[in-house]
Each structure stands twice: as C-alpha cells, then as structure tokens.
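Colleague: Numbering (my numbering), first residue to last: 152 to 570.
C-beta: ideal position from N, C-alpha, C; glycine also.
Submitted below is the structure of interest, expressed as structure tokens.
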Amino acid sequence: MSQILIILFAIINVLLLYDGLRKKSVMGVFRFPFIIACVNLTFIYPQLTAIAAHVKNPDAYLTTSVLHMCLCTVAVWAGFVIGTSGNLRNQFIRRFNPQKIIPIAILFLFIGISAYLINRGVYKGGKISGPFVIVNFFTAYINYALILIMMALYLPGKKSNARFLLFIVLVIAIDQFINQARRANALYIAMIIGYFYMLHCSRKKYTIVKYVIPGVFLFGMLFNTVIAQFRENAYSGEVSAVENVESLDFGSKEENNANLAIGEVNNAVKGINLCETYSLYDFGASNWNTTVNQLVPKVLVGASQKQQLLIPCAYDQLVASLTKTGSTMTGYFDSYASFGLLGFIKFFIIALIMGVLWKRRNLSDISIFLYLALLTPGIHAITHSTNAVFSALIIYAFFVFPILKAISKNIPYRTAINV
C-alpha cells in the first residue's frame, strides 16, 4: 500500500509540473502549486523512497504519512484554483510611486544587511534562540529589498541605481550561502530574479528559460546529499569556501540513500506515527507555539512569561530530540499533528491566500510583492513548518505593509491601461 501511495504522490506532483509547464500557462512555473511540486519531487520524494527501502515494514511505517502528503498536495492545488477563480472587476490598479521604489529598497537593504552582519558567523547549527532570533527577524528585509530592486530595474531612468543595489544583494547572498548554506536563500534569489526576467521576456524565449526554475530545484536535490557536510564545514570556520566544496564526498548511491532515509521526512513520519498511535493532536497549538517562539523575545517579556504563553504538546519531547541538531519535522508533520488527516486544511488555506494574490498580481503591486515575499515561507511550509507562512504574514502586516501602502496609490483602471 505504501508503494502505491508513493507512486500516487509522484503522479500528483508530476501533473502539477505539467500544468505549470504547458504552453497555455504563461508564467506557470511561478504558480504556487508548481513550486510546491518541485519541492515535493526533489526534497520529499527522494527521502520517501529511501525510507521505504530501509525499513522492514514500509506499509505499517509509511502509509498514513504518505496518504497525508497526497491529501496536502491535492489541497494545495484545490486552494490555489479556488483562489484564482472568478472575474476581477476593479476600477483601480494599485501601483507603487516610481520615485519612491529605490529609496525604500535602500532602506530595506540597510535594515537587512545590518541585521545580517550582526548575526554573521554566530549561527553554528542547532536551534536558534536569544538575541539571534530578534536580529535574524530583520534579515528578511534583504528579500523585500530585492523585489523592489527588480521592479525598479524595469522602470525608465532607474536602471543604474537598481543594478548597483542588485549587485550588493548578490554579494550578500553568496556570503550567506558560504557561511550558512541555506538553500532557501539562494533559491529565493533565483526565483525573484527569474520571475521579473521571464515576465518581461518574449513568449518564445520564455518557453525555453522557464526550465531554469525546475532546474534550480533539481540542482538542490543533487546537493542535498552533502548539505549537512557542507554546513558542518562552514560553521567550523576552519576551511575556505573553495576547500569546503573540494572536500565534499558525494559517496555511493547506497550511502546517499541511507543518509536520506534518516532525514527530515523520516522525522515527520516518526512524529505522525506517534500522533496516530496515541491520538496526540494539538489542534493548532504547534503553530501558536512557533509564532510565540519566533516573534516574542525573552528580553522583552521575560523567560517565565514567554514559557507561560506556550501550550504544552504531548509530543514535545520527541520533537526536541529529533530536531536538536537543527533538523526539521516538515510541515506535513505539524499539519497532521494538529488535525490528523484533516490537517490538509492548513495547506488549503495557504494555497488559497497565494491564489488570491496571484490572481491580483497585475492589478496591485502590493499583491505581487506579497506573493513573491511568501514564496520562501511557502517552500518552508513543506520543508520546515506551515507556520513559516503564518508568521511571515504577521511580520508583513505590521512591519512591511504600512510602508508599501504609503508609497502606493490607486490609479483609475482606464488611466493605467492608457499609460
């Protein structure tokens, strides 16, 4: 049964890939279901097959988990389709003031780079806590700045400044990867630059360059077998970037499969099996706890007061043990831990939000800004936790949206079309 479900999981994701790549779907490689399918096929699926090959009774061990993953993936498709359905009847288009895009990008970049430099070299693996969490919160402004920079690149008279700022972002991105080996950061840079490039290239050129996006995920899959080794070397600070790459041992196929079999997906399977066996459902408490841990600093409320805000979960000890080195449980675990097989509702809501934003992307600069800003949290909803999206929405609402609203205005639809 587990093998059938794994094959079904692959088929569902391949269909989502086809839907994004087909000719009628312009910019389809940036649709949320397509991105999720890329993550599933390059991150989740290889680990599932490795686990199935290394456990004695894969049906008993994997069936519930893979069934849940299939339901969540279908929920992503359904939520996005519903979010993008219907006709838009707007009298206005929301546009950023062209004269203010660069200044705000510089502001965001200053905040993000300052936070990154303060934390640079501090992280050495494992869970993050303390002042690092507060400072790290502001590094996301580098990503916000990148979106504005790419918007400015296609505005007349702004290219020179925007290109210089883009160069700074790329330098920081390279340094981030060398020191932290966070694939999501590199992936985000590639997707944002790719989105605006493909948006403005010819349809004929798009049919060719669109394969770069799944290609980036494929490269990440190949690198996945040695990512732990690369990070360990990077955190030690004892080798250069070149020496780090040269020291990587990709090993044999059997060895790589063995490593994959004990990765993040296996953590999720263990957690799901525990919740299923003992009915340890938290009804959303994990999302609340993650939000408190990430957004409520101890230095402001005190350690005891923060602890009181957390809701104890029966599986906390298992999760703490599995993630003590910085490994994750994936969003498939926390969604199941909340509502069992009905946990797909979390992915449905996330995809619904992304669908609405995608639908309005041509009518609102704020909508496309938020959609692109949520791509990395959306990927983390699979690889880390569904709370990545919900926490990002809270941060955006309080610390980003007010600024973007201030530099944008409604333009009558007819006027915008004639400009």
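1. Which residue wins for smallest C-alpha separation from Ile-546, given the options Phe-288, Ile-244, Gly-491 and Pro-209?
2. Of the choices Phe-183, Ile-293 and Glu-427, whose alpha-carbon is the least far from that of Ala-211?
3. Would DSSP call Phe-434 helix, strand or coil?
4. Nearest to Ser-236 by alpha carbon, out of Phe-520, Arg-511, Leu-321 and Leu-523?
5. How would you call Leu-268, buried or exposed, if buried means at least 16 neighbouring beta carbons within 10 angstroms?
6. Give the straight-line distance between the Cα atoms of Lys-175 and Thr-193, rounded to the nearest whole angstrom.
7. Indicate whether at least one CB of chain C lies closer than 7 Å to the CB of Met-349.
8. Is the region 513-529 touching the region 191-209, taking contact as three or more C-beta pairs under 8 Å?
9. Taking C-alpha atoms, which residue in Lys-361, Leu-239, Leu-338 and Ile-413 lies nearest to Asn-294?
10. Leaving out the 5 sequence neighbours to the left and right, which residues in its chain are closer than 7 Å to Ser-153 when beta-carbon positions are compared?
11. What are the partner residues of Arg-271, as DSSP defines its beta bridges?
12. Just to confirm, is the Cβ distance from Ala-488 to Ile-462 under 7 Å?
13. Run through DSSP, which three-state label would Ser-515 get?
14. Beta-carbon within less than 8 Å of Thr-537's beta-carbon, same chain only, minus the 5 sequence neighbours each way: which residues are those?
15. Please state the DSSP three-state secondary structure of Arg-246.
16. Are Leu-156 and Phe-185 close, meaning C-beta to C-beta below 7 Å?
17. Starting from the C-beta of Leu-469, find all residues in its chain whose C-beta is less than 8 Å away, skip the five residues before and the five after it, and write them out in chain order.
18. When we look at the beta-carbon of Asn-569 and count the other beta-carbons within 10 Å, is it buried (16 or more) or exposed?
19. Please report the distance separating the alpha-carbon of Ile-359 from that of Leu-431.
20. Should Ser-515 and Arg-182 be called a contact, given that it needs their Cβ atoms to be closer than 7 Å?
21. Taking 7 Å as the threshold (C-beta atoms), are Ala-291 and Ile-300 in contact?
22. Quick check: Ile-343 and Val-180, are their CB atoms within less than 7 Å of each other?
23. Could you pull out every residue in the same chain whose Cβ sits closer than 6 Å to the Cβ of Cys-189, ignoring the five residues on either side in sequence?
24. By Cβ distance, which residues of its chain are closer than 7 Å to Phe-243, with the 5 residues on each side in sequence left out?
25. Output the boundary residues of the beta strand (DSSP E) element that contains Pro-563.
26. Count the other C-beta atoms from every protein chain shown that fall within 10 angstroms of the C-beta of Pro-553, then say buried if there are 16 or more, exposed otherwise.
27. Just confirm the distance between the C-beta atoms of Asn-418 and Leu-492, as a whole number of angstroms; I'd bet it's less than 8 Å.
28. Let me know the secondary structure DSSP gives Pro-197 once reduced to three states.
Modeller: In terms of the structure at hand:
1. In terms of Cα proximity to Ile-546, the closest of Phe-288, Ile-244, Gly-491 and Pro-209 is Phe-288.
2. Nearest C-alpha to Ala-211: Glu-427.
3. Phe-434 carries a coil assignment under DSSP once its states are collapsed to helix, strand and coil.
4. Closest option to Ser-236, Cα to Cα, is Arg-511.
5. When all chains shown are included, Leu-268 counts as exposed.
6. Cα-Cα distance, rounded: 25 Å.
7. Of the chains in the structure shown, none is chain C; there is only one protein chain.
8. Because the criterion of three Cβ pairs below 8 Å is not met, the region 513-529 and the region 191-209 do not touch.
9. With distances taken between Cα atoms, Asn-294 lies closest to Leu-338.
10. Ala-203, Pro-209, Asp-210, Leu-213, Thr-214 and Val-217.
11. DSSP output for Arg-271 lists no bridge partner at all.
12. Not in contact: Ala-488 and Ile-462 (Cβ atoms no closer than 7 Å).
13. Reduced to three states, the DSSP call for Ser-515 is strand.
14. If we look at Thr-537 and ignore the five residues flanking it on each side, its Cβ neighbours are Asn-438, Gly-482, Asp-485, Ser-486, Lys-497, Phe-498 and Ile-501.
15. Here Arg-246 sits in strand by DSSP.
16. Against a cut-off of 7 Å, the Cβ pair of Phe-185 and Leu-156 comes out as no contact.
17. Closer than 8 Å at the Cβ level, and outside the excluded window around Leu-469, lie Lys-421, Gly-422 and Leu-425.
18. Low confidence applies here, because Asn-569 scores a pLDDT of 42, under 50, leaving its location unreliable; read the following figure in that light. With a threshold of 16 other beta carbon atoms within 10 Å, Asn-569 falls short and is exposed.
19. The straight-line gap from Cα to Cα measures roughly 48 Å.
20. One thing to note: Ser-515 has its Cβ no nearer than 7 Å to the Cβ of Arg-182.
21. No.
22. For the pair Ile-343 and Val-180, the CB atoms are not nearer than the 7 Å cut-off.
23. Only residues of its own chain outside the window of five on either side were considered, and among them Pro-365 and Phe-368 have a CB closer than 6 Å to the CB of Cys-189, listed in chain order.
24. So the qualifying residues of the chain are Asn-561, Ile-562, Pro-563 and Tyr-564.
25. Here the beta strand (DSSP E) through Pro-563 covers 559-563.
26. Exposed, by the Cβ-count rule.
27. Contact between Asn-418 and Leu-492 does not hold, since their C-beta atoms are separated by about 19 Å, which reaches or exceeds 8 Å.
28. In the three-state DSSP reduction, Pro-197 falls in the helix class (H, G or I).
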